[in-house]
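Each residue of the sequence shown is one higher than the one before, starting from 8 at the first, in the working numbering.
The block underneath contains the structure these notes are about, expressed in structure tokens.
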Amino acid sequence: MSTTSVRRQGRPSGFVQWQVLTARSVWTMMRHGELVVAVIAPLIFTVGFYLPLKFVMQLQGIDYAQFLMPIIVLQAMAFTAISASQRASSESLSGLNMRLQTMPVVGAVPLVSRISSGVVRSVVSLTAALSFGYVIGFRFSAGLGQAVLFCAFALAISTMLSIGADAIGTLSKSPESTSQMLTLPQLILGMASCGFVPESGFPEWIRPWVRNQPISQFSFSMRDMAEGGVSFHVLFPSLIWIFGLLAVFIPLAMWASSRRS
Numbered sequence: 008m009s010t011t012s013v014r015r016q017g018r019p020s021g022f023v024q025w026q027v028l029t030a031r032s033v034w035t036m037m038r039h040g041e042l043v044v045a046v047i048a049p050l051i052f053t054v055g056f057y058l059p060l061k062f063v064m065q066l067q068g069i070d071y072a073q074f075l076m077p078i079i080v081l082q083a084m085a086f087t088a089i090s091a092s093q094r095a096s097s098e099s100l101s102g103l104n105m106r107l108q109t110m111p112v113v114g115a116v117p118l119v120s121r122i123s124s125g126v127v128r129s130v131v132s133l134t135a136a137l138s139f140g141y142v143i144g145f146r147f148s149a150g151l152g153q154a155v156l157f158c159a160f161a162l163a164i165s166t167m168l169s170i171g172a173d174a175i176g177t178l179s180k181s182p183e184s185t186s187q188m189l190t191l192p193q194l195i196l197g198m199a200s201c202g203f204v205p206e207s208g209f210p211e212w213i214r215p216w217v218r219n220q221p222i223s224q225f226s227f228s229m230r231d232m233a234e235g236g237v238s239f240h241v242l243f244p245s246l247i248w249i250f251g252l253l254a255v256f257i258p259l260a261m262w263a264s265s266r267r268s
């Protein structure tokens, strides 16, 4: 057997490397209690926003559990992205990324494994959010297919946000400051959206921004997926936002990962 053949047999495949690094990231999340936070955060969002506003919305004829659920899910997905940025920053500062680059590891595997572990957290958080939503009266009335689309859409948004957050975290010199930097725009976009209140609840001068910004568009699509079924006309702006942001975030994340070498 040739030396080249031995080397090829002794080098793990990219798939095996991805499995190992993803399992390591998931174990780290479990050890640090991140999966517990992934369950608690949707509970806080549900209680914090549903209870104070449900009576006001009922007076306007709005089933607030159905109306609110998309933004609860989106907030939970955003927190997953913030966790992804902290994890990327910690691994970069600890020197793990540099050590992996000196080993026979496929270049994109560390980035993909971090995003994959983020998907695990997103699934946990999404499950928790829907469970709490069921308690307050949220239901999927548009059928199983739309419910599956709702969940897949939420995970796609989470993945897109996590890729961008990973790039920022990799370039950051402080996990704590990275978290603070990402929390502020999340809160601003969330509050200035049609996720918590209808567009009519905002002053007229800001309504065009509120209506067309990504969080509102995501909320519109997910609301229709849960009740009645979403049309392509409603879904199209959300897809433009997702693919447009991915076109920016993916190259940025790959550049940030290679720049650390």
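Glycine included, C-beta positions come from ideal geometry on N, C-alpha and C.
A quick note: this is a predicted structure, and the numbers were derived from the prediction, not measured.
query, result
"Ala88 beta carbon less than 9 Å from that of Gly202", "no"
"Contacting residues, own chain, Cβ-Cβ under 8 Å from Tyr71 (five flanking each side not counted)", "Tyr57, Leu60, Lys61, Met64 and Gln65"
"Rounded separation between Pro192 and Gly21 - CA only", "35 Å"
"Three-state class that DSSP yields for Val142 in the structure shown", "helix"
"Sufficient close CB pairs (3 or more, under 8 Å) joining the segment 29-37 to the segment 67-83", "no"
"Euclidean distance between Cα positions of Phe227 and Val241", "7 Å"
"Burial state of Pro210, where buried means 16 or more other Cβ atoms lie within 10 Å", "exposed"
"Separation of Glu206 from Val217, as counted between CA atoms", "7 Å"
"Buried or exposed (CB count within 10 angstroms, at least 16 for buried), Leu151", "exposed"
"CB-CB length for Trp262 against Val116, believed under 8 Å", "17 Å between Cβ atoms; not a contact."
"At least 3 beta-carbon pairs within less than 8 Å: the segment 125-142 vs the segment 40-50", "yes"
"Buried/exposed call for Gly208, threshold 16 Cβ in 10 Å", "exposed"
"Buried/exposed call for Ile213, threshold 16 Cβ in 10 Å", "exposed"
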